Amino acid sequence: MERVPIVKIGKTLFVSIQIDLQDESVLRLQEDLADELAATGATGVIIDITAVEIVDSFIGRMLTMIGSISRLFDAETVLVGMRPAVAITLTELGLSLRGVRTALNADKGLKLLNGSS
Amino acid sequence: MDVDSSQGRMAAFMRDHQDKVVGRWAELVAAGVRGRISAMEIRRELEDLYSLVIRAMSGADEQAIGELRAALAELSRSRARNVFTPSEIALEIFALKDAVYELVADTTELVPEFLGFSRMVDDFGLHTFETYAAAREEIIADQSMTMLELSTPVVRLWEGVIAVPLVGTLDSARTQLVMEKLLETLVATGADHAVLDITGVPTVDTEVAQHLLKTVNAARLLGADCTICGIRPQVAHTIVSLGIEFGDIATKATLADALAHALSRAGLKVGPA
Chain F
14 MERVPIVKIG KTLFVSIQID LQDESVLRLQ EDLADELAAT GATGVIIDIT AVEIVDSFIG
74 RMLTMIGSIS RLFDAETVLV GMRPAVAITL TELGLSLRGV RTALNADKGL KLLNGSS
Chain G
-2 MDVDSSQGRM AAFMRDHQDK VVGRWAELVA AGVRGRISAM EIRRELEDLY SLVIRAMSGA
58 DEQAIGELRA ALAELSRSRA RNVFTPSEIA LEIFALKDAV YELVADTTEL VPEFLGFSRM
118 VDDFGLHTFE TYAAAREEII ADQSMTMLEL STPVVRLWEG VIAVPLVGTL DSARTQLVME
178 KLLETLVATG ADHAVLDITG VPTVDTEVAQ HLLKTVNAAR LLGADCTICG IRPQVAHTIV
238 SLGIEFGDIA TKATLADALA HALSRAGLKV GPA
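So the sequence lines, in the order shown, correspond to chains F and G.
When you line the first sequence up against the numbering used here, it's residues 14 to 130, in that order.
When you line the second sequence up against the numbering used here, it's residues -2 to 270, in that order.
Laid out in structure tokens, this is it:
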């Protein structure tokens, strides 16, 4: 199973998803992220999904759950780099990703985190 | 009786009386045209058709029937452009039967031949009808495509602020198009504020509101803030009566207010120089 690397930059954890998301790898990412948040005490999580072309309801829900988990560690989640087609799919599925903030790209995502903290 | 020879006799008869028949046919047609086309033009068009009909009936020419159908289609299209109704066009073709019948009535021999001829002319009339319908369908499809393209511009109001002036009814197909264009522009320009101007949307019912909410949600997933503006008093009344909730989406009365809101969100201030 492929794993998604989690990179710590300053007080932020940076997760760039560059593989085809399987249900298993998403679950693994959730666990890894929780471990990492507990270990580092990071205050922000940036999830970059620029390379993700297909999203289903399960993955949409997982993203919301990652947001909820991060909040338990007092960290804010920003989802960045969503493609228009993915955004349309998520909206059609009726998922608005509550609890997760979004930004156009990683740069804006970082500004969002720094501005709010 | 052999069909080919019967048609051949009819063709010979029609060729012999060409001037008389075409003259009468043109007269009959001109009565229904009410000045939309000149008598000269009618005469010329009918002469061409008439000789094609004879060629098709005499059976000597393989391509004649195809040419005749093409000519009928062309006639139907040109009449459609001159605002003729499909039945007027069909009647114009059927008038050929009357013109021929007046001559055949004097003789007693050609009755079975005339029946065959009559059936053929009916077929031509129906052909013009079909062409007319197909031509209209094409025009309508083209127009609706053009309207769809025309009605969904995305404009840049300011650095980082884009606007979508919505004009006309918002149905699913248009919402899809608006959404795609808006999201593409958001990505292309890196804007973080979008304004949906619904001044030109005649009515806002629950379905339209649903479409608006979808668009706003999709834009939010790309990290853009959305403002809805241009809500007219009657529309506001309908929205409240229907119990539609726009939730935490900012709504403003005019595009100017929405721009001011977007600028203040971006930390900019507009004032006297």
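All C-beta atoms, glycine included, are put in the ideal place defined by N, C-alpha and C.
What you are looking at is a predicted structure, and each value in this text was computed from that prediction instead of being measured.
Among the options, nearest to residue i - alpha-carbon criterion
| i | options | result |
| --- | --- | --- |
| G:S55 | G:L65, G:Q4, G:R41 and G:V19 | G:Q4 |
| G:A23 | G:D13, G:R33, G:R6 and G:R41 | G:R41 |
| G:A250 | G:A206, G:V213 and G:L193 | G:L193 |
| G:S75 | G:R33, G:Q15 and G:A102 | G:R33 |
| F:L103 | G:G244, G:L219, G:V232 and G:D245 | G:L219 |
| F:R84 | F:T56, F:V20, F:L108 and F:L125 | F:T56 |
| G:I241 | G:H14, G:V18 and G:D202 | G:D202 |
| F:T77 | F:G112, F:R96 and F:T63 | F:G112 |
| F:I19 | F:D36, F:D61 and F:E37 | F:D61 |
| G:H14 | G:D103, G:A67, G:V267 and G:R31 | G:D103 |
| G:D95 | G:L25, G:P269 and G:P230 | G:L25 |
Unbroken beta strand (DSSP E) run spanning residue i, endpoints
| i | result |
| --- | --- |
| G:A191 | H190 to G197 |
| G:K17 | Note, G:K17: premise wrong, no beta strand (DSSP E); alpha helix (DSSP H) at Q15 to V30. |
| G:K94 | Per DSSP, G:K94 belongs to no beta strand (DSSP E); it is in the alpha helix (DSSP H), P83 to V101. |
| G:L163 | V158 to V164 |
| F:T115 | R114 to A116 |
For residue i, the three-state DSSP class (helix, strand or coil)
| i | result |
| --- | --- |
| G:T235 | helix |
| G:E71 | helix |
| G:D222 | strand |
| G:L154 | strand |
| G:T248 | strand |
| G:T203 | helix |
| F:S130 | Residue placement at F:S130 cannot be trusted, given a pLDDT of 49 that sits under 50; the coordinates are not used to answer. |
| G:T104 | coil |
| G:P269 | coil |
| G:G5 | helix |
| G:A253 | helix |
| G:Q60 | coil |
| F:A64 | coil |
| G:M(-2) | Only weak support is given to the placement of G:M(-2): the predicted model assigns it a pLDDT of 45, under 50, and the value that follows is read from those uncertain coordinates. Looking at G:M(-2) - three-state DSSP - the assignment turns out to be coil, as it is neither helix nor strand. |
| G:F243 | coil |
| G:S261 | helix |
| G:R217 | helix |
| G:V118 | helix |
Contact belief for residue i with residue j at Cβ below 8 Å, rounded distance in angstroms
| i | j | result |
| --- | --- | --- |
| G:F114 | G:I90 | Actually they are not in contact, since the Cβ atoms of G:F114 and G:I90 sit about 13 Å apart, beyond 8 Å. |
| G:H190 | G:V158 | 5 Å |
| G:I225 | G:L209 | 6 Å |
| F:V28 | F:V58 | 7 Å |
| G:V198 | G:I246 | In fact, because the Cβ distance is near 15 Å, the residues do not count as touching under 8 Å. |
| F:L125 | G:G187 | About 14 Å separates the two Cβ atoms, so there is no contact after all. |
| F:A52 | F:V93 | So it is not a contact: roughly 23 Å between Cβ atoms. |
| G:V18 | G:L112 | Not confirmed; about 17 Å, so no contact. |
Start and end residues, alpha helix (DSSP H) containing residue i
| i | result |
| --- | --- |
| G:R52 | A36 to S55 |
| F:E89 | F:E89 -> not in any alpha helix (DSSP H); beta strand (DSSP E) instead, spanning E89 to V93. |
| F:S147 | Residue 147 of chain F cannot be examined here, being either before or after the span of chain F that is shown, 14 to 130. |
| G:M176 | S169 to T186 |
| F:E105 | P97 to E105 |
*Taking only runs that begin and end inside the segment 18 to 60 of chain F, name each unbroken alpha helix (DSSP H) of 4 or more residues, in chain order.*
Taking only runs of at least 4 residues, the alpha helix (DSSP H) segments lying wholly in the segment 18 to 60 of chain F are 36 to 53.
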